[in-house]
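Colleague:
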Amino acid sequence: MTLDFVERIKRIEAWILDPRAPRKLLEYPEFREIHEHPGRYTAEIVDILESPESTDRQKKIVVLSVQSLEMPWFLLFAQHMLQFLESGTISRGVFELAVFPPYDWNAKLIESYEERDVAKFLRPVLEPGRSRHAGRKPSARRY
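Each residue of the sequence shown is one higher than the one before, counting from 1084 in the working numbering.
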């Protein structure tokens, strides 16, 4: 794991005064840099998500930072997040924020739900009885 990136996420975390207002993250230049160019940080993002030392709050900062990914890259990210959830690498809260963020962050999956690959991903996530994480609607918690 790149220590510089971890330190960057920790600085962003320390900067956040109100965790209920995640849009304020965009006011922070270091967060904005990651958000505007998430493809540059793929390995570092995965490292933080997989690290048992990373807090849920740090993981939530990271998943918000990649919300600017374009389709189909965002769908690939969502599929990885489901694998992380199923393996216990991330919490349900991190998964929900990553895949079903507040509408003002990203609505790519909702807007693309009729596309075959998106529907194939969403079906087991949202339909009751299709998997151990199914049937649970995304929480209303924002951050």
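Glycine is no exception: its CB is placed at the ideal position from the N, C-alpha and C atoms.
1) Do the segment 1191 to 1200 and the segment 1112 to 1123 meet, that is, are 3 or more Cβ pairs less than 8 Å apart?
2) When burial is assigned at 16 or more other CB atoms within 10 Å of the CB, is ALA1092 buried or exposed?
3) Just the C-alpha distance for PHE1114 and ILE1095, rounded to the nearest angstrom, thanks.
4) Would you kindly work out how many angstroms separate the C-alpha atoms of ASP1187 and LEU1086, rounded to a whole number?
5) Just the Cα atoms here: how many angstroms apart are PRO1135 and PHE1178?
6) Output needed for ALA1097: all residues of its chain with C-beta closer than 6 Å, excluding positions within five of it in sequence on either side, in chain order.
7) Considering only residues of the same chain and omitting the five flanking positions on each side of SER1151, which have a CB-CB separation below 7 Å?
8) Secondary structure at GLU1127, three-state DSSP: helix, strand or coil?
9) CB-CB under 6 Å to VAL1145, same chain, minus the five flanking residues each way: which ones, in chain order?
10) ILE1144 lies in the alpha helix (DSSP H); which residues open and close that run?
11) Nearest to LYS1143 by CA position, among GLU1210, GLY1176 and SER1195, is which residue?
12) Could you give the residue range of the alpha helix (DSSP H) that holds ALA1181?
13) Would a C-beta distance cut-off of 8 Å place LEU1147 and LEU1180 closer than the cut-off?
Modeller: With the structure as the only source:
1) no
2) According to the sequence displayed, residue 1092 carries Ile and not Ala. Answer is buried; the Cβ neighbour count reaches 16.
3) 7 Å
4) 31 Å
5) 15 Å
6) none
7) HIS1118, GLU1119 and PRO1121
8) helix
9) ILE1128 and ILE1131
10) 1139 to 1148
11) GLY1176
12) 1175 to 1182
13) yes
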